[in-house]
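Asker: Residue numbers (our numbering): 1 to 212.
Idealized CB from N, CA, C, for every residue including glycine.
For clarity, every value in this text was computed on a predicted model and none was experimentally measured.
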């Protein structure tokens, strides 16, 4: 991990806040902390691990857990068995999955599949644009987000109601402009946007495109 951060992260950082009044930048290393596992590790701007995903089963799991550094589950992502291209995200609290009755049980839902060259590093397909639509419940209000890619190395999550970009994923570079590799990404989240929700969106996007 020397190429991502030069110093080791703290052994037990405090739980990350869900939102911030300032723009936040995270580093996504598309590797699991577990040997021979698949997943990703998420660092904040200080180099501390804030989220991790360890997928032991397959390259495209139907059941994925987003955890903090200590292994506490904060989000569970499930693929609907009888619905093509549909994924659901559930919050976890007290060691249990939380059901949101106002949103049909799930905290957010991916309603259609998408593809992105950013997450398809091994694909030979030509670059193309694609869109993901997400539904989330915020204060009993359904919110729709769209994830779009430019057919290259840039993806954005956009609030459909306002057209505002709430998060962006792109390949990470050093201050001198040197790319750190296909498996090191920079995630920027705008103020007052739920970090866990954004991570859920990004993870589903990666799962659909066979990188998780």
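Would the region 64-79 count as touching the region 157-165 if we require 3 or more Cβ pairs under 8 Å?
Answerer: Too few Cβ pairs lie closer than 8 Å, so no.
Asker: Taking all protein chains shown into account, do 16 or more other C-beta atoms lie within 10 angstroms of the C-beta of residue 149, making it buried, or fewer, making it exposed?
Answerer: Per the 10 Å Cβ criterion, buried.
Asker: CB-CB under 6 Å to residue 156, same chain, minus the five flanking residues each way: which ones, in chain order?
Answerer: So the qualifying residues of the chain are 148, 165, 168.
Asker: Look at the alpha carbon of residue 208 and the alpha carbon of residue 62, and state the distance between them as a whole number of angstroms.
Answerer: Roughly 10 Å separates the two Cα atoms.
Asker: Output the residue ranges of the beta strand (DSSP E) runs that lie fully inside the region 144-186 and measure 3 residues or longer, sorted by chain position.
Answerer: Runs found: 154-159, 165-171.
Asker: Please report the straight-line C-alpha distance between residue 26 and residue 94, rounded to a whole angstrom.
Answerer: Distance between the alpha carbons of residue 26 and residue 94 is about 26 Å.
Asker: Starting from the C-beta of residue 198, find all residues in its chain whose C-beta is less than 8 Å away, skip the five residues before and the five after it, and write them out in chain order.
Answerer: 157, 166, 167, 187, 189.
Asker: Can you tell me whether residue 129 is helix, strand or coil according to DSSP?
Answerer: Here residue 129 scores only 45 on pLDDT, less than 50, and its place in the model should not be relied on; the value that follows carries that caveat. In this structure, residue 129 counts as coil in the three-state DSSP scheme.
Asker: Can you check which of these residues, 193, 206, 202, 53, is closest to residue 20 by C-alpha distance?
Answerer: The shortest C-alpha separation from residue 20 is found at 193.
Asker: Do you know how far the Cα of residue 89 is from the Cα of residue 145?
Answerer: Distance between the alpha carbons of residue 145 and residue 89 is about 14 Å.
Asker: Just confirm the distance between the C-beta atoms of residue 54 and residue 33, as a whole number of angstroms; I'd bet it's less than 8 Å.
Answerer: Confirmed, about 7 Å.
Asker: Take residue 40 and list the residues in its own chain whose beta-carbon comes closer than 6 Å to its own, dropping the five residues that flank it on each side.
Answerer: Closer than 6 Å at Cβ, skipping near neighbours: 28, 30, 53.
Asker: Let me make sure I understand the geometry here. Which of 77, 108, 38 has the alpha-carbon closest to that of residue 183?
Answerer: The residue with the shortest Cα to Cα distance from residue 183 is 38.
Asker: Per DSSP, residue 33 forms a beta bridge with which residues?
Answerer: According to DSSP, residue 33 bridges with nothing at all.
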